[in-house]
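Sequential numbering of the sequence shown, starting at 6, is according to my numbering.
In this text, a Cβ means the ideal position worked out from N, Cα and C, and glycines have one as well.
Data first, discussion second: the structure below is written as structure tokens.
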Amino acid sequence: MERSPGYVDPRYPNYVYQLKKALYILKQASRAWFQRFSSFLITLGFSCSRADTSLFVFHQHSDIIYLLLYVDDIIITGNNSSLLNSFTRKLNSEFATKDLGSLSYFLGLEAISTTNGLFISQLKYARDILTRA
């Protein structure tokens, strides 16, 4: 590890610095964030999916919450609105979050709620790519 120029203390020329927490711009910041967030979820009773490490699942009797984490974007859904509200309050007390409402667009996927379920499309993503071409 090398220190940046100008950060050498003449009294301790062979010392290096140890960060107490990851800085946002550092390579390890995203890993530190994921570890912090996933540790919080696990303390609440969530388990990490073996198929997708960004998917966390919470079961309580017949109630379930799914949480998908992609960097700092989160999708939360479940079958019990009071349980979801309780979890959201806990999440807000631990992290600064912003509720963007119902899912409409995420990672290039457009989500449209219909009476038959959720329709997923990449039409908007494809049009955006063609517009930029």
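Let me make sure I understand the geometry here. Which of the options has the alpha-carbon closest to that of residue i?
i: residue 36; options: 17, 16, 58 and 48; result: 58
i: residue 84; options: 138, 69 and 93; result: 69
i: residue 49; options: 96, 103 and 138; result: 96
Does the separation of the CB atoms of residue i and residue j fall below 8 Å?
i: residue 107; j: residue 91; result: no
i: residue 45; j: residue 62; result: no
i: residue 71; j: residue 82; result: yes
Counting only the same chain and skipping the five closest in sequence on each side, list residues whose C-beta sits under 6 Å from that of residue i.
i: residue 78; result: none
i: residue 47; result: none
Hey, how far is the Cα of residue i from the Cα of residue j?
i: residue 136; j: residue 111; result: 19 Å
i: residue 66; j: residue 17; result: 59 Å
i: residue 94; j: residue 43; result: 17 Å
i: residue 54; j: residue 80; result: 15 Å
i: residue 87; j: residue 134; result: 40 Å
i: residue 73; j: residue 60; result: 5 Å
i: residue 105; j: residue 38; result: 21 Å
i: residue 40; j: residue 98; result: 18 Å
Suppose the cutoff is 8 Å on Cβ atoms and the five residues either side in sequence are ignored; what does the same chain contact list for residue i look like?
i: residue 115; result: 109, 125, 126, 127, 128, 129 and 130
Tell me which same chain residues have a C-beta within less than 7 Å of the C-beta of residue i, skipping the five on either side of it?
i: residue 100; result: none
i: residue 89; result: 70, 81 and 83
i: residue 113; result: 127 and 130
Determine the extent of the alpha helix (DSSP H) in which residue i is found, giving its start and end residues.
i: residue 98; result: 86-99
i: residue 130; result: 128-137
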